[in-house]
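Enquirer: Protein chains in written order, with the working numbering: chain A, 1 to 277; chain B, 278 to 1175.
For each residue, glycine too, the CB sits at the ideal point set by N, CA and C.
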Amino acid sequence: MPVTDARVAVSCEDLVKVFRSATGETHALRGLGLALEPGALTVVAGPSGSGKSSLLTLLGARDRPSAGRLTVLGSDVGGASTGELRRLRRRRIGFVPQRSSSAVFPHLRAADQLGQVASWRGAARDDLDEALAAVGLADRAGHRPEALSGGEQQRLAVAMALVGRPALVVADEPTAELDHANADRVMDALLAVAAAGSIVVISSHDDRITHRADRLLRLRHGVLSSESAGRRTAAAVIDATGRLQLPPELLDLFPDRRVVVEADGDEVRLRRPEADR
Amino acid sequence: MWWAAPLRLARTPGWGALVLVAVTLFVASVVAPTMFVQTARVTALRDGLAPGAGGPYGDQSGDLRITWDGVVEDIAPIVDPLAAMPAYGAPVVTAVGVGQSQTNKPVAAANGATSPAVLWYHDGALPALGATDDEGVWLSTATAGALGIGVGDPVKLGMVQTFLGTKRMLRQTVLAGTFDTAPGSQLPTQLAGLPDADRWFLPHDPVRPAVVTPLAIVGRHTFDRFAPKVRESPLYLADLRLDPDVTPDEASAAVERTAAFGNAAFDGTTDMFRELADAEPAPAKVDVISGLPVIAGAADTTATSARTQVGPYAVGGQVLAALLLVAAWVLLGLSRRREQVLVSGLGLRPVELTLLAALEALPACLLAVPAGVLLARLGVLWAGPTDAGVPVDRDVVVRAAEGAAIGLLLVAVTTGLAALATDRLDRVSRLGRARTSVPWGTALVVVTAVVAFSVLTVDTARRAVTPLTTALPVLVAGSVSMVVIRAVAWVRARRRTRSRPGTPRWLAARRTGQVAREVVALSAVVAVALGLFAYVLTVERGVDEGVADKTAALAGTATRLEVVEGFRARGADVAVGPPLAGTTVVWTRNVGLPPDETGVPLMAIDPTTFAGVADWGGSGDLDVGRALVPRLPEHARGLPVILAGDTDLAAGATTVIDFDTVLSVPVHVLGVVPAFPGSEIDPGTVTVVVDSRRLFKLVTPDLDPRHRGATSKDPGALTSTVWSRESVADLRARLAGADVATDGVVETAAEARIGNGLVASTWAGGYVLALGAVVLALALAAGLVLALRLADRDTVSDVVLRRMGYRSGELARARAWEVGYAVATAVVAAVLAAVVLVLAPTSIDATAGVPPLTHPRTELTDLLWLLGVLAALVLLAWLLGTLLTRRRAAAEVLRAGD
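(1) So with CB distances below 8 angstroms, who are the chain B contacts of A/Gln-116?
(2) When DSSP labels each residue in this structure, what does B/Trp-280 get in the three-state scheme?
(3) How many angstroms separate the CA atom of B/Val-646 from the CA atom of B/Arg-654?
(4) Measure the Cβ-Cβ separation of A/Thr-210 and A/Val-96 and say whether it is below 8 angstroms.
(5) What does the alpha-carbon distance come out to for the pair B/Thr-815 and B/Leu-1137?
(6) Taking DSSP's pairing of strands, which residues face B/Asn-867 in a bridge?
(7) Do you know offhand how far A/Val-200's Cα is from A/Glu-37's?
(8) Have a look at A/Thr-4 and A/Val-10 and give me their C-alpha separation to the nearest angstrom.
(9) Unbroken beta strand (DSSP E) runs of length 3 or more, entirely within the stretch 898 to 983 of chain B: which are they?
(10) Going by other Cβ atoms of all chains shown within 10 Å of its Cβ, with 16 needed for buried, is B/Lys-382 buried or exposed?
(11) Relative to the C-alpha of B/Val-348, which candidate in B/Arg-613, B/Glu-527, B/Asp-501 has its C-alpha closest?
(12) For the beta strand (DSSP E) that contains B/Tyr-398, what are its first and last residues?
(13) Tell me, please, whether the stretch 448 to 465 of chain B touches the stretch 369 to 379 of chain B by the rule of three or more beta-carbon pairs shorter than 8 angstroms.
(14) Between the Cα of B/Gly-610 and those of B/Gly-574, B/Ala-689, B/Leu-479, B/Ala-554, spot the shortest distance and give me the residue it belongs to.
(15) Helix, strand or coil: which one does DSSP assign to B/Gly-1158?
(16) Among B/Ser-417, B/Val-950, B/Thr-490, B/Gln-449, which residue has its Cα nearest to the Cα of B/Pro-465?
(17) Kindly indicate the opening and closing residues of the alpha helix (DSSP H) around B/Val-506.
(18) Can you list, in chain order, the residues of its chain whose CB lies under 7 angstroms from that of B/Arg-288, leaving out five sequence neighbours each side?
(19) Nearest chain A C-beta to B/Leu-636 closer than 8 angstroms, yes or no?
(20) Give me the DSSP bridge partner(s) of A/Val-18.
(21) Just to check, is the beta-carbon of B/Leu-1053 closer than 7 angstroms to a non-hydrogen atom of the ligand PLP?
(22) Would you identify the three-state DSSP class for B/Phe-456, choosing helix, strand or coil?
(23) Which first and last residues belong to the beta strand (DSSP E) in which B/Asn-1033 is found?
(24) Following the continuous beta strand (DSSP E) through A/Ala-171, name the residue where it begins and the one where it ends.
(25) Which residues bound the alpha helix (DSSP H) around A/Lys-52?
(26) Count the other CB atoms, across all protein chains shown, that sit within 10 Å of the CB of B/Val-705; report buried if there are 16 or more and exposed otherwise.
(27) Does A/Arg-62 come within less than 8 angstroms of chain B when only Cβ atoms are used?
(28) Is there contact between the stretch 1139 to 1153 of chain B and the stretch 735 to 754 of chain B, where contact requires at least three CB pairs shorter than 8 angstroms?
(29) In terms of residue numbering, what span does the beta strand (DSSP E) encompassing B/Gln-337 cover?
(30) Beta-carbon of B/Arg-288 versus every beta-carbon of chain A: anything under 8 angstroms?
(31) Mapping the DSSP letters down to three states, classify B/Glu-842 as helix, strand or coil.
(32) Take B/Gly-709 and list the residues in its own chain whose beta-carbon comes closer than 8 angstroms to its own, dropping the five residues that flank it on each side.
(33) Measuring CA to CA, which of A/Gly-222, A/Leu-108, A/Ala-40, A/Arg-165 is closest to A/Gly-31?
(34) For B/Leu-799, does the count of other Cβ atoms within 10 angstroms reach 16, so buried, or fall short, so exposed?
(35) Look at the alpha carbon of B/Phe-478 and the alpha carbon of B/Ser-338, and state the distance between them as a whole number of angstroms.
(36) Measuring alpha carbon to alpha carbon, tell me which of B/Ala-641, B/Asp-548, B/Gly-325 ends up nearest B/Pro-521.
Take a look at the structure:
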């Protein structure tokens, strides 16, 4: 899928990623095409092993594709020099790795960690306070990771990715170790960065996250199985027997005609059964 | 990050301690050879000076004596340079008349009587006697009494010539005082007890050399004035004592200055030359007497030999320590894998990481400078040439700083390379790229074979100092370990465990995990380290025993004293029998051994006393010869002989020995041995050992020392030497008591060890032992890491298994079994590697020119050491497993995920 739109900042064409091991080759991504525009939060969902982390690692310019073309913020990840990609990651990409609670510098205080990253991105001091406040760690700025809980450490990792508002934020399951309140807080922060003009791509299994996405990509066996716009609302009718009639565009989201209904306070959510895993 | 880096290691004390220990070991390994060689030089110098300390001035004494034989107008041009001589004390001047002979007698005369008295001056003598000025003469009360004079009376001093009539050459002075002589001495009692008084030059009566002529003690001006006028032959001596704590550098400087002093005496442009040329009664000649040039030169030679011999082991130690440091830093990096993903994601450049690592390691490296010096000092004190003291000078500190800098560089480069390797961007994973795998195992075996061939084809004499010799044990241990570990893995994969299901041993046999490669790698490290440790034990023992063997071959016994005439012409009992209990007499000369051996040393010994006095080495290799000694008196077709050294003759052979082609004695070879006590005293490819009593019956009368009229000057006469295990002083004292002359040449085992590089070999053996301690520590550390890694691997499964019913103790025992399997495999590999290295042609003999050859030597204790390590590691693994399993809370383990 050739990308011609000038607004597109990240594009993938026939993206392939193959991992080799002693037991053979694993095809993590099999010809994936994708275009991401600034100002949107995209959630990548899918079962374990579907290629989410591989895709995010590539989008974060931390690996090169085995085949296909990947352009991130104007750089061809496959062809750019190591130094060029390193500069890209250093200044323009915020990355939150999987199990990010341990992806912080253990010997630095929270504020120092952000200060270090901010210095590379040319961010102002206010940005540090803002980033820490955004993830609810304003009162923990002087603590080292050893004094923070696992969830706080994960939020610190997110704050490090957000500081200086990089052009691209990639987060691999950034709310995996968080309770609902903090997960919402982190999502708010990510959405705010997206609203400010950054591209935000995250992976998640959590429907509380996916339903807040501007765009939801579902991966299966290394290819996009579906793509939908997030946070859509549509009118539906519940008949006298309690049956819910979905409009056709939403009905397409349930190809096997099975649905899981979740009630949470005043809210009722519908999702496909596969998300249970 | 930059500010936090230097203190980062302090926040993780365990890792900080590991890095500090590793870099300290590296610094110690860098600085230890320098300290070792310096200590060797100091020790060799002190050992060289010790025998002559307090003894007569001469070749064996480091003290300096300058003599000149004339009265000079101004003594300053001679004495002032001596006073400025480094390493020596102030010169003490003695002046004495040495003109007495059978016809010239120095006398004091008064009242018509004369009494022997020779002019004598010594710095400080008159003040010690109580004199207030230099005027007059001090005579002994006996001399004054013989002359009938008292203090203040006139007295004449001078020479009386009795050749062809009596001629007196006397000058008058006054008796300034009298003194009582010390018992058995002509020195005043006030002087006899002063330090070095026994070394002062005193005038001996030429007719009776043991008798000292009575002294006429005068001031120097009186001596200078009187000596030429009374036709006395003046001799001036300036004695300088060497500083007992002299360093080799100071000794070398002193030798240079002494040589320069001697040259100046013959340099016409110097004031000294002019003074000596104008001396009375005739131009004077300067003599320099000191053994320091020879002793300092020997010390330097010994130190050089030590450096050469220690060199390969020093390099080995440095490489080992560097590997340890790199391994410690790599392990630290592995513990920060998650952080490395973070820094890669944040785009940190490898060069930044390199500098950060350098900053982080900097405090440890700075601390390692004093710590490394201290460790090296302790090591050299423990295993080095002496425990008298190890110098720590500027060179050592600079070397330590260089070592720390290299350590810092190693850490930085390791980090930089690791950063490049972990930077996934540098591993382009394009489709179709071929996988390359290096056959490391095969490569190791091939390299080992090539190095072994290279080393073993080098001449035996140079093999020990060939650089590749250091690498050979490591490669052999590595290859054998690899083969054994693979073989054990192959066997275990095909053999079903017989242990009961559910037991710790059954669990251990079934456990496989993510750290399998790490287990193999750590097992290999333990195996190589233990293999090297076992080999080091055999090498150290072999070197020690080899030095003892070679010393025995070179010296024969502790002390040998040549007795020129004492045992001749006095019958068989004196010539053959020992002069004292605990001694034996050995007669030597060179003979011919057909068909083409000439100049073959012959040792004629007394079989009844020789074996008890001779030194038979440390390994037992010389015991073959010892067993043959009682057979020397046997009656056979020829004179029974033992041949020591390389010869084509074999036991049972018959031949002849030629005494200068005049006499041929048929001999019967009892046996051929590689070396025999004293067989290397005189260089030769082979030494013939015979029973002296039987030999004397066969030789012609002119060669028979028992024969009346036999002297050492007879053509072809044998030389007699007393052998004893006593010290030189004790032997001399006992021989003197038995009326045997003790002025013959003395040679000791200690001198033989120093002069032939054997002392350096002993010191190198000590260095090897220190190296062994390091590899043992490495083996223990690797075993400990193995136990820790297995415990880490089982963090989650332990929780699960406990919930399945396993007890903590059982899980700990299962891991102890695993460690036990791994270390037992390592021990087997270590034993095999040591056996291969011990059975291979020797490569540890740095003094192969002196037989017998030095080999690594095994003992049962070597195996016990390895088994001890196995037991210790299993115990440690069990303790660690128990502690860690109990300490980890199940909820925390499961929450952490990995």
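Expert: On the basis of the coordinates in this document:
(1) Met-278
(2) coil
(3) 12 angstroms
(4) In this structure, the beta-carbon distance from A/Thr-210 to A/Val-96 does not fall below 8 angstroms.
(5) 11 angstroms
(6) B/Pro-878
(7) 9 angstroms
(8) Since pLDDT at A/Thr-4 reaches only 45, below the 50 mark, its modelled position is unreliable, and no value is offered.
(9) 916 to 922, 931 to 936, 940 to 950, 963 to 968
(10) Buried: at least 16 other Cβ atoms inside 10 Å.
(11) B/Asp-501
(12) B/Tyr-398 -> beta strand (DSSP E) spans 395 to 399.
(13) The answer is no - the stretch 369 to 379 of chain B does not touch the stretch 448 to 465 of chain B, with fewer than three Cβ pairs under 8 angstroms.
(14) B/Ala-689
(15) In this structure, B/Gly-1158 counts as helix in the three-state DSSP scheme.
(16) B/Ser-417
(17) In the sequence as displayed, the identity of residue 506 of chain B is Lys instead of Val. Taken as a continuous stretch (DSSP letters only), the alpha helix (DSSP H) holding B/Lys-506 covers 497 to 506.
(18) Non-local beta-carbon contacts of B/Arg-288 in its own chain, meaning distances under 7 angstroms to residues more than five positions away in sequence, are absent.
(19) No, no contact with chain A.
(20) A/His-27
(21) Absent from the structure shown: the ligand PLP. Ligands present: none.
(22) In the structure shown, B/Phe-456 adopts extended strand secondary structure according to DSSP, grouped into three states.
(23) DSSP places B/Asn-1033 in no beta strand (DSSP E); its state is neither H nor E.
(24) It spans 168 to 172 - the beta strand (DSSP E) in which A/Ala-171 sits, taken as one unbroken run.
(25) 52 to 59
(26) Residue placement at B/Val-705 is flagged as unreliable, the pLDDT there being 44, under the threshold of 50; the coordinate-derived value follows with that caveat. It is exposed - the Cβ of B/Val-705 has fewer than 16 other Cβ atoms within 10 Å.
(27) yes
(28) no
(29) Careful: B/Gln-337 lies outside any beta strand (DSSP E) and carries neither H nor E.
(30) yes
(31) coil
(32) Because B/Gly-709 sits at a pLDDT of 42, beneath the cut-off of 50, its placement in the model cannot be relied upon, and the point is left open.
(33) A/Gly-222
(34) B/Leu-799 counts as buried, since no fewer than 16 other beta carbons sit within 10 angstroms of its beta carbon.
(35) Those two C-alpha atoms are separated by around 15 angstroms.
(36) B/Gly-325
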